[in-house]
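Colleague: These protein sequence lines map, in sequence, to chains A and B.
With the UniProt record's numbering, letter number 173 in the first sequence gets 173, and the count goes up by one each step, no holes.
With the UniProt record's numbering, letter number 97 in the second sequence gets 97, and the count goes up by one each step, no holes.
Protein chains: 2
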Amino acid sequence: MIATVIGTGLIGGSLAISLKEKGVAQHVIGVDQSAAHLARAKELGIIDEDATLEAALERTDLIVLAIPVDGLLKLLPQIMDKVKPGQVIMDVGSTKNIILQLVAGHPNRGRFVAAHPMAGTEYSGPEAAVKNLFTNKTIVLCDVKNSDDDALEMIENMVDQLQMRTVYMNAEEHDLHTAYISHISHITSFALALTVLKKEKEQGRIFELASGGFESTVRLAKSSPDMWVPIFKHNRNNVLDVLEEHIHQLEQMKTLLEEEDYDTIYKLIQKSNKIRKILK
Amino acid sequence: MIATVIGTGLIGGSLAISLKEKGVAQHVIGVDQSAAHLARAKELGIIDEDATLEAALERTDLIVLAIPVDGLLKLLPQIMDKVKPGQVIMDVGSTKNIILQLVAGHPNRGRFVAAHPMAGTEYSGPEAAVKNLFTNKTIVLCDVKNSDDDALEMIENMVDQLQMRTVYMNAEEHDLHTAYISHISHITSFALALTVLKKEKEQGRIFELASGGFESTVRLAKSSPDMWVPIFKHNRNNVLDVLEEHIHQLEQMKTLLEEEDYDTIYKLIQKSNKIRKILK
Chain A
1 MIATVIGTGL IGGSLAISLK EKGVAQHVIG VDQSAAHLAR AKELGIIDED
51 ATLEAALERT DLIVLAIPVD GLLKLLPQIM DKVKPGQVIM DVGSTKNIIL
101 QLVAGHPNRG RFVAAHPMAG TEYSGPEAAV KNLFTNKTIV LCDVKNSDDD
151 ALEMIENMVD QLQMRTVYMN AEEHDLHTAY ISHISHITSF ALALTVLKKE
201 KEQGRIFELA SGGFESTVRL AKSSPDMWVP IFKHNRNNVL DVLEEHIHQL
251 EQMKTLLEEE DYDTIYKLIQ KSNKIRKILK
Chain B
1 MIATVIGTGL IGGSLAISLK EKGVAQHVIG VDQSAAHLAR AKELGIIDED
51 ATLEAALERT DLIVLAIPVD GLLKLLPQIM DKVKPGQVIM DVGSTKNIIL
101 QLVAGHPNRG RFVAAHPMAG TEYSGPEAAV KNLFTNKTIV LCDVKNSDDD
151 ALEMIENMVD QLQMRTVYMN AEEHDLHTAY ISHISHITSF ALALTVLKKE
201 KEQGRIFELA SGGFESTVRL AKSSPDMWVP IFKHNRNNVL DVLEEHIHQL
251 EQMKTLLEEE DYDTIYKLIQ KSNKIRKILK
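(1) List, from N- to C-terminal side, the alpha helix (DSSP H) runs of 4 residues or more that fit wholly inside the segment 152 to 218 of chain B.
(2) Given a threshold of 16 other Cβ atoms within 10 Å of its Cβ, counted over all protein chains shown, does A/P126 qualify as buried or as exposed?
(3) Given this structure, state the Cα-to-Cα distance separating A/I187 from B/V159, to the nearest angstrom.
(4) Have a look at B/P85 and B/K222 and give me their C-alpha separation to the nearest angstrom.
(5) Check distances from the C-beta atoms of the segment 216 to 230 of chain A to those of chain B and list, in chain order, the residues that come in under 9 Å.
(6) Listing by chain order, which chain D residues have their CB less than 8 Å from the CB of A/E258?
(7) Taking only beta carbons into account, state which residues of the segment 6 to 18 of chain A come closer than 7 Å to chain B, listed in chain order.
(8) State yes or no: is the C-beta of B/P225 within less than 9 Å of the C-beta of A/Q270?
(9) Checking contacts by CB at 9 Å: is A/L162 closer than that to chain B?
(10) DSSP has B/H116 in a bridge; who is on the other side?
(11) Which residues bound the beta strand (DSSP E) around A/I6?
(12) When the Cβ atoms of the segment 3 to 23 of chain A are set against those of the segment 103 to 122 of chain A, are three or more pairs found closer than 8 Å?
(13) Do A/V69 and A/I89 have their C-beta atoms closer together than 9 Å?
(14) For the putative contact between A/R109 and A/N170, defined by C-beta atoms under 8 Å, what is the C-beta separation to the nearest angstrom?
(15) I'd like to know whether the C-beta atoms of A/A39 and A/D48 end up nearer to each other than 9 Å.
(16) Taking beta-carbon pairs under 9 Å, can you tell me which members of the segment 198 to 216 of chain B lie near chain A?
(17) Label A/T60 either buried or exposed according to how many other C-beta atoms from any shown protein chain fall within 10 Å of its C-beta, with 16 as the threshold for buried.
(18) Are A/T178 and A/S94 closer than 9 Å when you measure CB to CB?
(19) How would you list, in chain order, the residues of chain B whose beta-carbon sits under 7 Å from the beta-carbon of A/F232?
(20) Does the Cβ-Cβ distance between A/F232 and B/L257 come in under 9 Å?
(21) Reducing DSSP to helix, strand and coil, say where A/V69 ends up.
(22) Label B/Q249 either buried or exposed according to how many other C-beta atoms from any shown protein chain fall within 10 Å of its C-beta, with 16 as the threshold for buried.
(23) Nearest to B/T195 by CA position, among A/T195, A/T4, A/I247, A/T138, is which residue?
(24) Quick check on this structure: which residue in A/A35, A/I46, A/Q33, A/M164 has the alpha carbon closest to the alpha carbon of A/H27?
(25) So A/V88 is in the beta strand (DSSP E); what residue range does that whole segment cover?
(26) So which residues of chain A does B/N273 contact, with C-beta pairs closer than 9 Å?
(27) Applying a beta-carbon distance threshold of less than 9 Å, which residues of chain B neighbour A/A119?
(28) Could you say which of B/S182, B/M227, B/D261 lies nearest to B/M123 if we only look at CA atoms?
(29) Which partner residues does B/G30 have in the DSSP bridge list?
(30) Suppose contacts are defined by Cβ-Cβ distances below 9 Å. Is B/A114 in contact with B/K96 by that definition?
(31) In the structure shown, what three-state DSSP assignment does A/L62 receive?
(32) Should B/I247 be flagged as near chain A, meaning a C-beta pair shorter than 9 Å?
(33) Are the beta-carbon atoms of A/H106 and A/C142 separated by less than 9 Å?
(34) Spatial neighbours of B/A193 within its chain, please: C-beta separation below 7 Å, excluding the five flanking residues on both sides.
(35) Can you tell me which of B/G30, B/I63, B/H37 puts its alpha carbon nearest to the alpha carbon of B/A151?
(36) Leaving aside the five residues before and after A/A3 along the sequence, list all residues of the same chain whose C-beta is less than 6 Å from its C-beta, in chain order.
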């Protein structure tokens, strides 16, 4: 089949590579509002051909929207207006509720499968695209009851061929869970980077001591604001909810440290160690 | 030379391996209050021999204290009381100020070199010891003016042979910098793990979606409370200082999100992206 990837950055580019490599698509068309990204994606062999959206829609089987979620709000309804019988649209957006509400009543809603692969890195653009980004990762498919059977089947087959693990959720569940498992990690990293950069400015020499633990905790602070501001906007209520809880936990640590209640700090750390069961 | 490692866990065990492998020591004696750790360290070939502290002190050239910083407070003065001419004592503790104040007036202060290798993992015990943990890592040597020339020279030679990069600091600087570059990362991870574990309990299914970004941010929450509570205790003022600043940054994000001031959030994320210059 022919696949079109709209947005040839980290996720779209990596998906284009995998679709070809795993034999899901024989030909991948790239569409991007950035001419530079598109040229680079072609140069790197990530896409077979670049085209306008209109030209791609003339002959593609699958359309994957791999753009920030604010762009999705504009482009998804336009593509759903133009989609032909048999064509399938998929997104890879990190938030789902607002988008699915927006297209809920669309006559071509059935052609759309809402997807969120839980994979990525802190880098962006076609240069960031890598082989096997999705292998053994989880993909969330949302509100699949509203997708046509054949559309869902195409995506489920694709997911199998990409060797991904599928989780089905409704949009509300998805947005709540990702706030806890992904969005808060980014806010924490951004805030921690700001904290340390500020101190470095006052004090200097801080980064001479940066080691693996620090790097691990702040690496997400390299992530693009173009991607993340729209996510925080779309998932504002859930993000505020988890942010409040996280601040509460930090305040608690602070109070315990002020009161020198080391026994309780010990117990809290022991409790947090239970995360071992979840992480490999 | 003969080296004695007191504490055969992650750091002491890894150091024992490297001392032998790089030819710094021909024989490594292990001392540990846990008989199980000591037996395991010998079984794994990390140490050549186990001994009591007293027996080891009879014939060792170098004594490395690789135990939590609260244990160091008790044991370091005792060992300084017993140290023989020519013997050198080194620690690997994550805090320095309290310990160096404690031994400031000791007649054998010159035999001690205060060191902190900026290397580790979230695991502990002899099983966690690994080859090359220290290669290309930074080691901080503190208040070296108070160490005897020959003692410092032995440690500097060792550090060279381990292929580490040396940074010299006074104890106050060290404790301030590590609060920002290491201790706060651990508090954040512990608090984030508690936040998510709490929500998981209420909500379930959260961890189905855990991916690399989450794992990276919370992996330090697997760290041992036996090591970390004493560090927070010793470095309480600096940790409180950075924790306050971090909470302030998170509160700012929260307020901006409440007010839907996405332009300012965008600018803050851009600013935090400057961490790219520091991280590889």
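Ideal Cβ placement from N, Cα and C applies to all residues, glycine included.
Modeller: On the basis of the data shown:
(1) 171 to 178, 184 to 203, 212 to 218
(2) buried
(3) 38 Å
(4) Answer to the nearest angstrom: the Cα atoms are 41 Å apart.
(5) S216, T217, V218, R219, L220, A221, K222, S223, S224, P225, D226, W228, V229, P230
(6) Among the protein chains in the structure shown, which are A and B, there is no chain D.
(7) Taken residue by residue, none of the segment 6 to 18 of chain A has a beta-carbon sitting less than 7 Å from a beta-carbon on chain B.
(8) yes
(9) Not an interface residue.
(10) B/V140
(11) 2 to 6
(12) yes
(13) no
(14) Not a contact, Cβ separation roughly 15 Å.
(15) Result no, Cβ atoms of A/A39 and A/D48 do not sit closer than 9 Å.
(16) K198, K199, E200, Q203, R205, I206, F207, E208, L209, A210, S211, G212, G213, F214, E215, S216
(17) buried
(18) yes
(19) L257, I265
(20) yes
(21) helix
(22) Buried, because 16 or more other Cβ atoms sit within 10 Å of the Cβ of B/Q249.
(23) A/I247
(24) If we check each option's Cα against that of A/H27, A/I46 comes out closest.
(25) 88 to 91
(26) F190, A193, A221, K222, S223, S224, P225
(27) S211, G212
(28) According to the sequence as given, residue 123 of chain B is Tyr; it is not Met. With distances taken between Cα atoms, B/Y123 lies closest to B/M227.
(29) B/V5, B/D50
(30) yes
(31) strand
(32) By this cut-off, B/I247 is an interface position.
(33) no
(34) V218, A221
(35) Considering only alpha carbons, the answer is B/I63.
(36) L19, A25, V28, L62
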